[in-house]
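Number of protein chains: 2
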Amino acid sequence: MKNRNEAARKLTGHTQRGQCAKRLSILEAAANVFCREGFSGASIDEIAVEACVSRQTIYNHYREKETLFTAVVEDVMDRANAALYSTLATFPDKSDNIENDLTAFGVRLTKNCLCNQDGKFLRKLVQSEGERYPHLFEAWRQHGPGKISSALGALFARLSHKGFLRMDDFDLAARQFLALVNADLQMITLFGGTPTDEQLESAARNAVHTFLRAYSGTELKPQAPALAVVT
Amino acid sequence: MKNRNEAARKLTGHTQRGQCAKRLSILEAAANVFCREGFSGASIDEIAVEACVSRQTIYNHYREKETLFTAVVEDVMDRANAALYSTLATFPDKSDNIENDLTAFGVRLTKNCLCNQDGKFLRKLVQSEGERYPHLFEAWRQHGPGKISSALGALFARLSHKGFLRMDDFDLAARQFLALVNADLQMITLFGGTPTDEQLESAARNAVHTFLRAYSGTELKPQAPALAVVT
DNA sequence: GTAAACTTAGACACTATTGTCTAAGTCGTC
DNA sequence: GACGACTTAGACAATAGTGTCTAAGTTTAC
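Protein sequence lines, in the order shown, are assigned to chains A and U.
Going by the numbering used here, the first sequence opens with residue 7, and the numbers climb by one from there.
Going by the numbering used here, the second sequence opens with residue 7, and the numbers climb by one from there.
What follows is the structure in structure tokens.
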């Protein structure tokens, strides 16, 4: 609330200033309340209080509750997409320690895109309101998890062509990478928790280790033959 | 006067049938409506209509909306747990084609536990109401995804000791198996859709293929050395 | 300093919902 | 057929929410 208002105040020039700050404050409060209570559980009054704004101001900016909701979703989606693409841009192009580099990338991905506040909002709201507002979340469906797999797939393709990985279906590998990175975090995020840095690190490490055992081009460890069979 | 029902319920033995049918009808309708609308979006009237029952009957059986909700959640959780354990019991004990057997198991798991109506209900409701009713979903947290990994882990341990798989951390492998099996289904289930049998089959096949590349005890394919390196 | 634009608190009508109550209706059992 | 147990429709009060309106207060630009 504070940071964004400050930021807004710095950016703008004239009348927009106060207005813009209010808008941002409302959007942020609304995101929190919608996320906490769902669409029908959220009340305009509650949002107004949390945004430190009068109810009427909300109605001035956003004609009705539904308009506010769609504005919030679009706002969060924009931010989430920006974070996503900026994180994808940090994908290792080449590497002399692919396991470490992929792990670090996995941590960035979960930390900045999947497990942050926006990620939580989208997960909850897509799940609970997705069927009621298909038009709204269609963009996310396409540009969110849809695009992320193919974008990540393209990055895996690059690494593969350079011999760091070996795979047939790059998009499938991307989906599996995402799934593996989430494997250890599901339980935490499902209940609204935020994983610690240690948990993110460990989840990514486990994921990448398995991922590379399936897709590594160069056998990292010679697959030590049968360590503890029998009993 | 208000204890009438309680008293009646205790000394009956015969009239149960009609009553029981109503209860089931209410539970089912309530599950659908709660799943569709969330807790605060669902109205008792809507549930009554969908259950073909008068509103008053609902209040007779379940004192208030919240009581009904918890009853529904417990009911669905019971069913889901039963389905889960009965599916886990079909885990292959030994196999001459582990890829096929694990794939078939993955299909059963997704079809009967993860992607069915109960699975959808729990996914949505845990996500949207989990933070508000921690006491309620704690049981699920423990007996649901918590236990499923360790139960599945134990089964993987059995297969490992017999030499069909090779892994250090059985629970981790179980979590990853689940994550991989879901990798291709997330997009569908997230929007409330139900995957077709073909999609389930393909998702499981993809998952098991990768899982075995990471965890197979016997190299299934000799990992054809470096097919297309460079560029 | 002033005017225009924006914000605020409060009252307001309207609707939806919860939960209670009652009087009548239905059903199975004896 | 009579009884008791259960169900039903409808009325009901109480509450909470949406969205509008107004009269005043505040901010901003010029």
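Ideal Cβ positions, reconstructed from N, Cα and C, are used throughout, including at glycine.
These numbers come from a predicted model, not from an experiment.
Check	Outcome
Tell me, to the nearest whole angstrom, how far the beta carbon of residue 165/A is from that of residue 158/A; I am working on the premise that it is less than 8 Å.	Actually they are not in contact, since the Cβ atoms of residue 165/A and residue 158/A sit about 11 Å apart, beyond 8 Å.
Classify residue 33/U as helix, strand or coil using the three-state DSSP reduction.	helix
Which residues does DSSP list as the beta-bridge partners of residue 171/U?	222/U
Helix or strand or just coil, what does DSSP make of residue 60/A?	coil
List, in chain order, every chain A residue whose beta-carbon is nearer than 8 Å to that of residue 125/U.	Within chain A, no residue comes near residue 125/U; the closest Cβ sits about 13 Å away, beyond 8 Å.
Does the Cβ of residue 34/A have 16 or more other Cβ atoms within 10 Å, making it buried, or fewer, making it exposed?	buried
Would you mind reading off the limits of the alpha helix (DSSP H) that contains residue 251/A?	Summary: the structure shown does not reach residue 251/A, with chain A confined to residues 7 through 237, and so no result is reported for it.
Under 9 Å, Cβ to Cβ, is there at least one residue of chain A near residue 205/U?	no
How would you write the range of the alpha helix (DSSP H) that residue 129/U sits in, first residue to last?	123-135
Going along chain A, which residues have a C-beta under 7 Å from residue 216/U?	182, 220
Does residue 190/A come within less than 9 Å of chain U when only Cβ atoms are used?	yes
Compute the Euclidean distance between the alpha carbons of residue 110/U and residue 47/A, then round it to the nearest angstrom.	41 Å
I need the boundaries of the alpha helix (DSSP H) containing residue 112/A, first residue and last residue.	104-115
Distance check for residue 198/A and residue 80/A, CA to CA, integer angstroms please.	21 Å
Assuming contact is defined by CB atoms lying nearer than 9 Å, are residue 150/U and residue 186/U in contact in what I supplied?	no
Counting Cβ pairs closer than 8 Å, one from the stretch 134-144 of chain A and one from the stretch 172-182 of chain U, do we hit at least three?	no
What residue does the alpha helix (DSSP H) around residue 91/U start on, and which one ends it?	71-94
Please report the distance separating the alpha-carbon of residue 180/A from that of residue 70/A.	40 Å
Using the C-alpha atoms, what's the distance from residue 184/U back to residue 196/A?	15 Å
Report yes if the C-beta distance between residue 55/A and residue 203/A is below 9 Å; otherwise report no.	no
Taking beta-carbon pairs under 9 Å, can you tell me which members of the stretch 56-79 of chain U lie near chain A?	none
Using a Cβ-Cβ distance under 9 Å, would residue 113/A count as near chain U?	no
For residue 94/U versus residue 161/U, is the C-beta distance shorter than 9 Å?	yes
Since I believe residue 200/U is in contact with residue 182/A (beta carbons under 8 Å), could you give me their beta-carbon distance rounded to a whole number of angstroms?	That belief does not hold up - the Cβ atoms of residue 182/A and residue 200/U are roughly 22 Å apart, past 8 Å.
What separation, rounded to the nearest whole angstrom, lies between the Cα atoms of residue 84/A and residue 126/A?	14 Å
Residue 68/U by DSSP, collapsed to three states: which one?	coil
For residue 133/U, would you say it is in contact with chain A, using Cβ-to-Cβ distances shorter than 9 Å as the test?	yes
Leaving out five residues on either side along the sequence, give the residues of the same chain with a beta carbon under 7 Å from the beta carbon of residue 211/U.	109
Short check: CB of residue 133/U to CB of residue 123/A, under 9 Å?	no
Does any residue of chain A have a CB that is nearer than 9 Å to the CB of residue 198/U?	yes
List the endpoints of the continuous alpha helix (DSSP H) containing residue 118/U.	Taken as a continuous stretch (DSSP letters only), residue 118/U belongs to no alpha helix (DSSP H), as it is neither H nor E.
Quick check on residue 156/U: buried or exposed, where buried means 16 or more other Cβ atoms within 10 Å of its Cβ?	exposed
To the nearest angstrom, report how far apart residue 75/A and residue 191/A are at their CA atoms.	28 Å
Can you name the residues of chain A whose CB is closer than 7 Å to the CB of residue 130/U?	133, 134
According to DSSP, is residue 153/A part of a helix, a strand, or is it coil?	helix
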